[in-house]
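Q:
Residue numbers (the numbering used here), protein chains in the order written: chain B, 7 to 473; chain Y, -6 to 354.
1) For residue 28 of chain Y and residue 65 of chain B, I'd like the C-alpha separation in whole angstroms.
2) Taking Cβ positions, are residue 218 of chain Y and residue 296 of chain Y nearer each other than 8 Å?
3) Please check the pair residue 175 of chain Y and residue 182 of chain Y, which I expect to be a contact at CB under 8 Å, by giving their CB distance rounded to whole angstroms.
4) Establish whether the CB of residue 126 of chain B and some CB of chain Y are separated by less than 8 Å.
5) For the beta strand (DSSP E) that contains residue 23 of chain Y, what are its first and last residues?
6) Looking at the structure shown, is residue 95 of chain Y part of a helix, part of a strand, or coil, going by DSSP?
7) To which residues of the same chain is residue 210 of chain Y closer than 8 Å at the C-beta, ignoring the five residues directly before and after it?
8) Given 8 Å as the limit, is there contact between the region 257 to 273 of chain Y and the region 222 to 237 of chain Y, that is, 3 or more CB pairs closer than that?
9) Could you tell me which chain B residues have their CB closer than 8 Å to the CB of residue 317 of chain Y, listed as they occur along the chain?
10) How would you call residue 461 of chain B, buried or exposed, if buried means at least 16 neighbouring beta carbons within 10 angstroms?
11) Three-state secondary structure (DSSP) at residue 402 of chain B?
12) Tell me the DSSP secondary structure of residue 195 of chain Y in three-state form.
13) Are the Cβ atoms of residue 163 of chain B and residue 186 of chain B separated by less than 8 Å?
14) Looking only at its own chain, which residues have a Cβ that is under 7 Å from the Cβ of residue 221 of chain Y, when we skip the five neighbours before and after it?
15) Could you pull out every residue in the same chain whose Cβ sits closer than 7 Å to the Cβ of residue 10 of chain Y, ignoring the five residues on either side in sequence?
16) Within the same chain, show all residues whose beta-carbon is closer than 7 Å to that of residue 260 of chain B, passing over the 5 residues directly before and after it, in chain order.
17) Quick check: the region 324 to 341 of chain B against the region 357 to 369 of chain B, are there 3 or more CB pairs under 8 Å?
18) So which residues on chain Y does residue 192 of chain B lean against when the C-beta distance must stay under 8 Å?
19) Which ranges does the beta strand (DSSP E) cover as unbroken runs of at least 3 residues, wholly within the region 234 to 273 of chain Y, from first to last along the chain?
20) Below 8 Å CB to CB, which residues in the same chain sit around residue 412 of chain B once its five sequence neighbours on both sides are set aside?
21) Please report the distance separating the alpha-carbon of residue 7 of chain B from that of residue 189 of chain B.
22) Could you tell me whether the Cβ of residue 90 of chain Y comes closer than 8 Å to any Cβ of chain B?
23) Secondary structure at residue 108 of chain Y, three-state DSSP: helix, strand or coil?
24) Does DSSP classify residue 150 of chain Y as helix, strand or coil?
25) Name the residue from Y:109, Y:65, Y:80 whose alpha carbon lies nearest to the alpha carbon of residue 73 of chain Y.
26) Tell me which residue opens and which closes the alpha helix (DSSP H) that residue 70 of chain Y is part of.
27) Count the other CB atoms, across all protein chains shown, that sit within 10 Å of the CB of residue 398 of chain B; report buried if there are 16 or more and exposed otherwise.
28) Please classify residue 195 of chain Y as buried or exposed, where buried requires at least 16 neighbouring CB atoms within 10 angstroms.
29) Taking the Cβ atom as the reference point for each residue, do residue 223 of chain Y and residue 242 of chain Y lie within a distance shorter than 8 Å?
30) Is it a yes or a no for the region 300 to 311 of chain Y touching the region 46 to 65 of chain Y, going by three-plus beta-carbon pairs under 8 Å?
31) Quick test of your reading: residue 204 of chain Y and residue 156 of chain Y, contact by CB under 8 Å. State the CB separation rounded to the nearest angstrom.
32) Taking the straight line between their C-alpha atoms, what separation do you get for residue 203 of chain B and residue 253 of chain B?
33) For residue 416 of chain B and residue 444 of chain B, I'd like the C-alpha separation in whole angstroms.
34) If we count the other Cβ atoms within 10 Å of its Cβ and call it buried at 16 or more, is residue 280 of chain B buried or exposed?
35) Short check: CB of residue 230 of chain Y to CB of residue 208 of chain Y, under 8 Å?
36) Which word fits residue 334 of chain Y, buried or exposed, when buried means at least 16 other C-beta atoms lie within 10 angstroms of its C-beta?
So this is what it looks like as structure tokens:
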């Protein structure tokens, strides 16, 4: 009813229709409950009104009962029955009973309650008579005059047509009024829903009308309930904007960084093919080879940087053991350098080192740090990798130290920037530390460049321990 | 009869003849109304409804009431429609559940006082009047109000003694209704009754008896007579004059109802509709001895022309439970006792034999 099947199997429903339907249902039940209450009340009210009339009639008859020569006589007053024509379509029955219940006048076969104690107080009851339900009143008067001593009882009955009509009149007017109130209520609910949903409509219209390059946050004066949605939307726009920026930067970087080495490569190859001297060939080919390696490394680093940035945007951190990851990376690096004189030391000073992290990015960062340590260090380099407790209990430090020349404190900041190369003679992409920094940002980790114990560079990554 | 109506009647007749399969329904009407007075209405109804034959029985109102009660109790009731001018007796029958409900656009057009529970329908407008011998009253002041009559009875006892006629309330249900309604309507009715008694009033069973004696000169004035008959008689007989009392004039309506055990309900409904329809009311006003109740009927014998012709305060007797009061056994006994004590001491009562019943339920 309030949901519609849309292609793709997603069930969609209208908030407005659902709210209205549920409100209508609830109000209908309320109407029924009140209706029953009103009906009971209306019945009582009608009985009360017409009982007064009946009692008036029985009283006026009682007033005309008198005794003469030991006999009880009744002079039925005209008004006694005429007043009952206030209920214009109702039939009327009456009788007068003398002391000891002797029938004096009126209808002889009127029903009487099984137990009735004569009293001046009116006693009302409903009983079927002459094919209809009839409302009766019984009322008595003690007569002590002219040789008579006893209770005289008057019984007056009237069919229930006017009472029924009055009950329904009261009931229907009350229900009519209630229905109007409920319809007004539903109308207000409808208007309220529309008003409440209006900011959503505004936002969606604004989104639709936006130009593809507009990344301004929404300034909609949304109500409190919608603010989280607007905030989320703005955060999303910001991220989308960031992603797009990163992509554009990547494209620009790639274009700029790759174009020159490619041109140089092409130039070496051209010159080699034009030269007639074999020595020059060898030299050109060596250089072309060198450029080719550089290009491969640059491309790898560019993609790696883009990958790390992308993973950072998509926020895919999961629990992982830093020690395990670090060890695996070191082992792989050691395996690759088995033929060199470089030595590696790995110290894990922690029992466990769980953090929330992205294994792929972390591995990339560690590999870059290890590569850097090897690249900028001497041939008999000692690369020390240490996993240890940080300054505070919830910090884990990864420290990688080499025996290279280090970086002067004044240049350390620059070294973190992309394509900043402090030693142009060493072949590098200028992206290594930038990637590490990006990974540090993703993990909310602190990246510190410091002096090593042996004069080399020590890179420290401080991670927050998983709580 | 216009040629058109003739053609219509001929067609109806032809249809009736060519469709012999249509059995004739016999509608039994028991009524306290002179057959002669209502005959034109019945004839017209039969002409318009060829499939219905009306079996009309005339009874005196008290007898009608008693007979219907008995027949009903013995499950031998054959009456489909009961008609009586005794509004009180008719009201009691309806109150006791002997009538059935019927509603149509014709019943809806009745004035409120002439209808009760959509079961009892008053179809005539009959004022209660005085009639007098014009010859006797030559040079004599006419009593134009109830009070004037009471005064004249006291002031001119010789003129009136033994020469005033009215209903014997013990014998006539209608007379009882008129007398008791006088008591309801006027605080001086007892004094008028006493004056009538002192003047040695003569009592009769019916309006026609009084009118006949006015004609013959036995009586000079008739009191509480049925206006429809009296006016019709006065039309024919210039020696009779009519007084419509100016202080108040009771108006009686002849009441018809369909018996709860009617065997021919459809025919009965058509009869009720005809009585109340403009066509039926036209016949009542123009051809019958009765007076039409529908205010839209313009004829000498219709409610509107009566109201226009006579300057009086017309007091219709309303149908309803109030009419049950004087039917109460004790009330009736008490009233009759009082009536007899005022009317009887001064002379013998001229009435039909038979003690009029105290009608027991």
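Even glycine gets a Cβ: it sits at the ideal position worked out from N, Cα and C. As the structure is a prediction and not an experimental result, all values here were calculated from the model.
A: In terms of the structure at hand:
1) 45 Å
2) no
3) 4 Å
4) no
5) 18 to 24
6) coil
7) 126, 128, 129
8) no
9) 87, 98
10) exposed
11) strand
12) strand
13) no
14) 117, 119, 282, 283, 284
15) Confidence at residue 10 of chain Y is low in this model, with a pLDDT of 47, below 50, so the placement of that residue should be treated as unreliable; the coordinate-derived value is given next. Excluding positions up to five away in sequence, the list is empty.
16) 308
17) yes
18) Chain Y residues near residue 192 of chain B: none, gap ~39 Å exceeds 8 Å.
19) 242 to 245, 248 to 251
20) 457, 458, 461, 462, 463
21) Note on residue 7 of chain B: pLDDT 43, under 50, position unreliable in the model; no value is reported.
22) yes
23) strand
24) helix
25) Y:65
26) Where residue 70 of chain Y is concerned, there is no enclosing alpha helix (DSSP H), given that its DSSP letter is neither H nor E.
27) exposed
28) buried
29) no
30) no
31) With 8 Å as the limit, residue 204 of chain Y and residue 156 of chain Y do not qualify as a contact, their Cβ atoms being about 14 Å apart.
32) 36 Å
33) 21 Å
34) exposed
35) yes
36) exposed
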